[in-house]
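Residue numbers (our numbering): 3 to 263.
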Amino acid sequence: MTLVDTHCHLQDAKFSDDREETIARTLAALEWCVVIGDDLPSSRAGLDITRDRIYAAVGVHPYYPETVDDAGIASLRELAAHDRVIAIGEIGLDYHLGGEDVPAQHRAFNRQLELAAELQLPVVIHSRDAADDTLAIMADHCKTVPDIVMHCFSGDASFAERCVVLGCYISFAGNVSFPKAEPLREAARVVPSDRLLVETDAPYLAPQPRRGKRCEPPFVQYTLEAVATARGDDPEVLARQTTENAHRFFRVSSASKPLVD
Ligand SMILES: [Zn+2]
Ligand SMILES: [Zn+2]
Numbered sequence: 003m004t005l006v007d008t009h010c011h012l013q014d015a016k017f018s019d020d021r022e023e024t025i026a027r028t029l030a031a032l033e034w035c036v037v038i039g040d041d042l043p044s045s046r047a048g049l050d051i052t053r054d055r056i057y058a059a060v061g062v063h064p065y066y067p068e069t070v071d072d073a074g075i076a077s078l079r080e081l082a083a084h085d086r087v088i089a090i091g092e093i094g095l096d097y098h099l100g101g102e103d104v105p106a107q108h109r110a111f112n113r114q115l116e117l118a119a120e121l122q123l124p125v126v127i128h129s130r131d132a133a134d135d136t137l138a139i140m141a142d143h144c145k146t147v148p149d150i151v152m153h154c155f156s157g158d159a160s161f162a163e164r165c166v167v168l169g170c171y172i173s174f175a176g177n178v179s180f181p182k183a184e185p186l187r188e189a190a191r192v193v194p195s196d197r198l199l200v201e202t203d204a205p206y207l208a209p210q211p212r213r214g215k216r217c218e219p220p221f222v223q224y225t226l227e228a229v230a231t232a233r234g235d236d237p238e239v240l241a242r243q244t245t246e247n248a249h250r251f252f253r254v255s256s257a258s259k260p261l262v263d
């Protein structure tokens, strides 16, 4: 089965003891993967572990909006100049904890979307309990950034449909396989097949068969199987389709080299 993990955090401290072994398992099981940053140090650390078939995305998560000042944007621009950086992310809005500085999150999100437009890089969006505001801000930028994916999709079918109308891709993570995740499986059914991506968000959110364990990129196979079952698709066919989508979204050629426009 040919698969891509479009969203993992292999630079995370949970892989400190066996990072190289995990990378070897990942490269044996998957075509390629994208190591996602959630602040400046993790973006830099993600870039440090890139190599053949391991790419990076750089960005600042909505938990740390205060770091997205002029200096923060300059650092991201510098990191993004590296040819193994293929996206800006993860960036977005997260109102889950409550008490967050919403205007600061909006500013950080807007500034990083502007950077993605300037650099013409696709964007990996994290949106949690912030569907309407995320859609409003995306609507302002969806014509200027090359492409947007809603990572670890956690909304309902109607939110998925509204994202697709804006031209977004939708990426499902291991939580789509959880027994109580029927709303996520409903969302998976309404996404057109050429807009679907799969991911692990490793080390978080291990899929049901490995729930409670540290998640690793090869587990993306369980995500794919859960999405295929929800949609009534043949897993092999859906694997090929989502991999083709990942190549198109991240501008990575079949030879796993970035395409030059
Ligand atoms: Zn996220
Ligand atoms: Zn993530």
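We put the beta carbon where it would ideally sit given N, CA and C, even for glycine.
Legend entry - Ordered list of alpha helix (DSSP H) runs contained in the stretch 65 to 124, each at least 4 residues: Listed in chain order, the complete alpha helix (DSSP H) runs (minimum 4 residues) inside the stretch 65 to 124 are 72 to 82 and 104 to 121.
Legend entry - Rounded C-alpha distance that separates Phe-111 from Arg-187: On the sequence shown, residue 111 is found 109 positions in, with the first residue counted as 1. On the sequence shown, residue 187 is found 185 positions in, with the first residue counted as 1. Each residue's alpha carbon lies about 28 Å from the other.
Legend entry - CB of Ala-9 within 8 Å of CB of Val-192, strictly: Counting from one through the sequence shown, the residue named residue 9 turns up at place 7. Counting from one through the sequence shown, the residue named residue 192 turns up at place 190. Note on residue identity: the sequence assigns His, not Ala, to residue 9. Their beta carbons are not under 8 Å apart, which means His-9 does not touch Val-192 by this criterion.
Legend entry - Residue burial classification, Ala-83 (beta-carbon count within 10 angstroms, cutoff 16): Start at 1 with the first residue of the sequence shown, and residue 83 comes out as number 81. Per the 10 Å Cβ criterion, exposed.
Inset, instruction - Below 7 Å CB to CB, which residues in the same chain sit around Asp-263 once its five sequence neighbours on both sides are set aside? - result: Taking the sequence shown and counting its residues from 1, one reaches residue 263 at position 261. Here the model assigns Asp-263 a pLDDT of 40, short of 50, so the residue's position is not dependable, and the following value carries that caveat. The answer is none, since no qualifying residue turns up.
Inset, instruction - List the whole-angstrom C-beta distance separating Ile-139 from His-98, where the pair is believed to meet the contact cut-off of C-beta under 8 Å. - result: Locating residue 139 in the sequence shown gives position 137, counting from the first residue. Locating residue 98 in the sequence shown gives position 96, counting from the first residue. With a Cβ gap of about 17 Å, Ile-139 and His-98 do not count as contacting.
Inset, instruction - Take every Cβ of the stretch 40 to 47, pair it with every Cβ of the stretch 232 to 251, and state whether three or more of those distances are shorter than 8 Å. - result: no
Legend entry - Proximity of Gln-122 and Val-62 at Cβ, strictly below 8 Å: Locating residue 122 in the sequence shown gives position 120, counting from the first residue. Locating residue 62 in the sequence shown gives position 60, counting from the first residue. Contact flag unset, no.
Legend entry - Cβ neighbour criterion (16 or more within 10 Å) applied to Val-6: The residue given as residue 6 occupies position 4 in the sequence shown. Under this definition Val-6 is a buried residue.
Legend entry - Contact test: His-98 Cβ vs ligand 2 heavy atom, cutoff 7 Å: On the sequence shown, residue 98 is found 96 positions in, with the first residue counted as 1. Checking every heavy atom of ligand 2 against the Cβ of His-98, none is found closer than 7 Å.
Legend entry - Pair within 8 Å by beta-carbon distance, Ala-132 and Cys-154: Here residue 132 is taken as the residue at index 130 of the sequence shown, counted from 1. Here residue 154 is taken as the residue at index 152 of the sequence shown, counted from 1. Contact: no.
Inset, instruction - With hydrogens ignored, establish whether the beta-carbon of Cys-170 is closer than 7 Å to any heavy atom of ligand 3. - result: In the structure shown, ligand 3 is absent; the only ligands present are ligand 1 and ligand 2.
Inset, instruction - Flag this pair as yes or no: are the beta carbons of Glu-218 and Ser-173 separated by less than 8 Å? - result: On the sequence shown, residue 218 is found 216 positions in, with the first residue counted as 1. On the sequence shown, residue 173 is found 171 positions in, with the first residue counted as 1. Contact flag unset, no.
Legend entry - Neighbour-count burial assignment, Glu-22, 16 or more Cβ in a 10 Å radius: Here the question's residue 22 lines up with position 20 in the sequence shown. Exposed: under 16 other Cβ atoms inside 10 Å.
Legend entry - Per-residue DSSP class, three states only, for Tyr-57: Indexing the sequence shown from 1 puts residue 57 at position 55. Strand, per DSSP.
Inset, instruction - Verify the contact flag: His-84, CB atom, against every heavy atom of ligand 1, threshold strictly below 7 Å. - result: Here residue 84 corresponds to residue number 82 of the sequence shown, with the count starting at 1. No, ligand 1 has no heavy atom inside 7 Å of this Cβ.
Inset, instruction - Pull up the distance between the alpha-carbon of Phe-180 and that of Arg-55, whole angstroms please. - result: Mapped onto the sequence shown, residue 180 falls at position 178. Mapped onto the sequence shown, residue 55 falls at position 53. When rounded, the distance between both Cα atoms is 29 Å.
Legend entry - Nearest to Cys-170 (by Cα), restricted to the options Ser-129, Ala-208, Pro-205 and Ala-31: On the sequence shown, position 168 is the one that residue 170 refers to. Of Ser-129, Ala-208, Pro-205 and Ala-31, the residue nearest in Cα terms is Ser-129.
Inset, instruction - Taking 8 Å as the cut-off, decide whether the C-beta atoms of Thr-52 and Ala-59 are in contact. - result: Locating residue 52 in the sequence shown gives position 50, counting from the first residue. Locating residue 59 in the sequence shown gives position 57, counting from the first residue. Result no, Cβ atoms of Thr-52 and Ala-59 do not sit closer than 8 Å.
Inset, instruction - May I ask which residues mark the beginning and end of the beta strand (DSSP E) holding His-63? - result: By 1-based counting over the sequence shown, the position of residue 63 is 61. No beta strand (DSSP E) contains His-63, which DSSP labels as neither H nor E.
Inset, instruction - Assuming Gln-243 contacts Leu-198 (C-beta within less than 8 Å), just tell me the rounded distance between them. - result: For the purposes of this step, residue 243 is taken as the residue at position 241 of the sequence shown. For the purposes of this step, residue 198 is taken as the residue at position 196 of the sequence shown. Right, their Cβ atoms sit about 7 Å apart.
Inset, instruction - Please name the residue, chosen from Arg-253, Arg-27 and Gly-39, that lies closest to Gln-13 on a Cα-to-Cα basis. - result: Within the sequence shown, numbered from 1, the residue matching residue 13 stands at position 11. Nearest of Arg-253, Arg-27 and Gly-39 to Gln-13, Cα basis: Gly-39.
Inset, instruction - Mark Gly-91 as exposed unless 16 or more other C-beta atoms lie within 10 angstroms of its C-beta, in which case mark it buried. - result: Along the sequence shown, read from residue 1 onward, the residue named residue 91 stands at position 89. When all chains shown are included, Gly-91 counts as buried.
Inset, instruction - With DSSP as the reference, label Cys-10 as helix, strand or coil. - result: Position 8 of the sequence shown, counting from 1, holds the residue named residue 10. DSSP places Cys-10 in strand when its eight states are reduced to three.
Legend entry - Contained alpha helix (DSSP H) runs [length at least 4] in the stretch 136 to 174, N- to C-terminal order: As far as the stretch 136 to 174 is concerned, its whole alpha helix (DSSP H) runs of at least 4 residues are 159 to 167.
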